[in-house]
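These notes are about the structure you will find just below.
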Amino acid sequence: MNMSIGNNIRIMRHRCGFTQEELAARLSVTPQAVSKWENGGGLPDLTQIVPLAQVFGITTDSLLGVTSAVYGKSHTEAAMGHEKLLMASTLPPAEKHLSAYSYFRAESEKEPTNYAIMCRCINHAAEISRYADFEGFMSDRPEDRDEIFADCEQKNACIARFCENRAIIEKSDFAMAWIHIHTKQFDKARTLINRLPSLESNNLREGIMTKLVKFQYGFDRAKENISENIRKLLHATAKEFFYGFEDYAWETESGEALAFGRKLLDILQSYKAFDALHSDVLLCENHIRSFFPKCYADMGNYETSAEELLIIAQNIASFSSCTKNDWTNAPATLDAALSYMTEEQQERVKCCPAYREAIALLERTEEE
């Protein structure tokens with residue numbers, strides 16, 4: 002028990018980015034006392050247990066090691082599986098992300114060095130920040146909302162300092178940058194953005210790694226890398242297209258936005274030349290196409306808006322075993338496309354035959 006508590010204190014101190022001196026100052030003890038706890042040379046006084054848990058943002062059970070720990074890859078996979086259930090619930094979108102954030106925060110406390118789970122906290126908090134900015138979500142609970150963002154800023158600093166997985170670090174910085182943007186902390190956002198990879202770089206590791214594989218193992222092995230690199234390029238391209246079209250859909254006249262969106266979809270279609278990428282293309286297409294119904298509804302063309310929803314449903318029904326990444330992890334559902342419309346527009350679109358056909362198609366797909 003002695004070493005268990007001491008090890009938990011050391012892990013949590015590292016996760017929070019504190020030195021022994023900084024933790025000691027927060028608890029009004031000496032750095033030597035903290036060192037003794039972590040080395041198993043002594044136990045914190047009972048009066049220090051609650052303050053320690055509060056400083057680390059965890060329960061006393063977690064600090065004392067009473068909570069059963071589930072470690073490593075199996076913990077991450079189980080958490081991701083539960084995440085899918087949470088996101089498939091009937092809660093409003095913002096509440097889904099709040100529920101998922103709370104779940105991953107609790108799981109992170111069970112395993113403080115699982116940076117993948119910690120990163121999912123920040124990803125869901127980034128979605129919360131979007132709804133808070135645009136729709137006033139949690140405006141009745143500003144202290145809770147701000148505490149979530151502060152917790153994620155601490156988690157992001159921990160990931161940057163201790164995580165050795167570059168992909169997780171980049172995902173964490175990307176999501177935290179969105180939180181700073183939506184909370185109007187633009188200088189903090191810029192600092193994180195400047196740490197991310199840039200399109201300006203032509204020195205990508207995937208390209209040179211393919212050459213290494215070719216020279217070491219031969220072209221047959223390198224062909225696998227080439228195919229995977231093209232898939233990664235598709236998802237990266239679609240993500241940039243989505244962000245660009247999102248701005249067009251909200252900021253420009255609908256006709257101009259639709260013309261721009263069609264050009265983007267035309268480019269994506271070229272990837273269908275590779276049979277293995279057919280489902281990936283449909284998945285990426287739906288994220289971009291999700292703004293089409295809004296644009297047509299803004300023009301008063303509700304029938305065409307509903308027809309676009311039907312196309313989205315048809316794409317969903319056609320998905321097979323396509324590979325998803327962090328950006329395409331959430332299903333591109335009709336709910337996402339509808340959420341971009343006003344309530345009045347949604348009601349008008351739902352009266353159209355094409356919408357009813359889309360719902361029936363998705364219901365048949367779920368039954369299968």
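Everything in the sequence shown is counted per my numbering, starting at 2 for the first residue and increasing by one.
Where is the CB? At the ideal position from N, CA and C, for every residue including glycine.
Within the same chain, show all residues whose beta-carbon is closer than 6 Å to that of residue i, passing over the 5 residues directly before and after it, in chain order.
i: Met88; result: Lys97
i: Tyr249; result: Ala258, Phe261
i: His279; result: Lys273
i: Leu234; result: none
i: Leu24; result: Arg14, Val35
i: Leu193; result: Asp174, Met177, Ala178
i: Lys37; result: Gly43
i: Ala331; result: For Ala331, the predicted model reports a pLDDT of 46, less than 50, meaning its position is unreliable; a value from the coordinates is still stated below. Cβ within range, chain order: n/a, list empty.
How many angstroms separate the CA atom of residue i from the CA atom of residue j?
i: Ile214; j: Arg349; result: Residue identity differs from the one stated: residue 214 is Val in this sequence, not Ile. So the alpha carbons of these two residues sit roughly 56 Å apart.
i: Ser103; j: Pro198; result: 30 Å
i: Glu358; j: Tyr297; result: 18 Å
i: Lys212; j: Ile227; result: 10 Å
i: Gln186; j: Met177; result: 11 Å
i: Gly42; j: Phe163; result: 25 Å
i: Ala133; j: Pro143; result: 10 Å
i: Glu364; j: Ser140; result: 36 Å
i: Phe138; j: Thr91; result: 17 Å
i: Leu86; j: Ser29; result: 43 Å
i: Cys153; j: Phe242; result: 27 Å
i: Ser255; j: Asn8; result: 58 Å
i: Gly219; j: Arg232; result: 21 Å
i: Thr305; j: Ser319; result: 21 Å
i: Glu165; j: Ala158; result: 13 Å
i: Asn302; j: Met342; result: 13 Å
Count the other C-beta atoms from every protein chain shown that fall within 10 angstroms of the C-beta of residue i, then say buried if there are 16 or more, exposed otherwise.
i: Asp336; result: exposed
i: Ala101; result: buried
i: Gln270; result: exposed
i: Thr329; result: Caution is warranted here: a pLDDT of 47 is assigned to Thr329, below 50, making its placement in the model unreliable, and the coordinate value is therefore given only provisionally. Looking at its Cβ environment, which holds 16 or more other Cβ atoms inside 10 Å, Thr329 is buried.
i: Arg14; result: buried
i: Lys172; result: buried
i: Leu99; result: buried
i: Glu84; result: buried
i: Ser69; result: Low per-residue confidence applies at Ser69: pLDDT is 45, beneath 50, and the placement is therefore not dependable, though the value from the model is reported in the following sentence. The residue is exposed, with fewer than 16 neighbouring Cβ atoms inside 10 Å.
i: Leu205; result: exposed
i: Cys352; result: exposed
i: Asp188; result: exposed
i: Cys122; result: buried
i: Arg146; result: buried
i: Lys51; result: Inspection of the sequence shows that residue 51 is occupied by Val rather than by Lys. By the neighbour-count rule (16 or more Cβ atoms within 10 Å), Val51 is not buried but exposed.
i: Met2; result: Residue confidence for Met2 is low, a pLDDT of 42 falling below 50, so the modelled location carries little weight; the figure read from the coordinates is stated next. Counting Cβ neighbours within 10 Å, Met2 comes out exposed, since fewer than 16 surround it.
i: Tyr244; result: exposed
i: Asp281; result: buried
i: Glu39; result: buried
i: Ile268; result: exposed
i: Asn124; result: buried
Skipping 5 residues on each side, what residues in its chain have a beta carbon closer than 8 Å to that of residue i?
i: Ile118; result: His76, Thr77, Ala80, Phe105, Glu108, Ser109, Glu112
i: Ala54; result: Thr60, Thr61, Ser63, Leu64
i: Leu310; result: Pro294, Leu335, Ala338, Leu339, Val350, Ala355, Tyr356, Ala359
i: Asn230; result: Glu207, Gly208, Thr211
i: Asn316; result: Leu283, Leu284, Glu286, Asn287, Arg290, Ala333
Can we count residue i as close to the ligand NAP, meaning its CB is less than 8 Å from some heavy atom?
i: Thr31; result: Ligands in the displayed structure: none, and consequently the ligand NAP is not present.
Excluding five sequence neighbours on each side, which residues of the same chain lie with their C-beta closer than 7 Å to the C-beta of residue i?
i: Gln346; result: Ala298
i: Ala223; result: Thr211, Val214, Lys215
i: Glu344; result: none
i: Arg191; result: none
Contiguous alpha helix (DSSP H) assignments of at least 4 residues, all confined to the segment 63-123 = 73-88, 94-111
Every unbroken beta strand (DSSP E) inside the segment 217-284 [3 residues or more] | none
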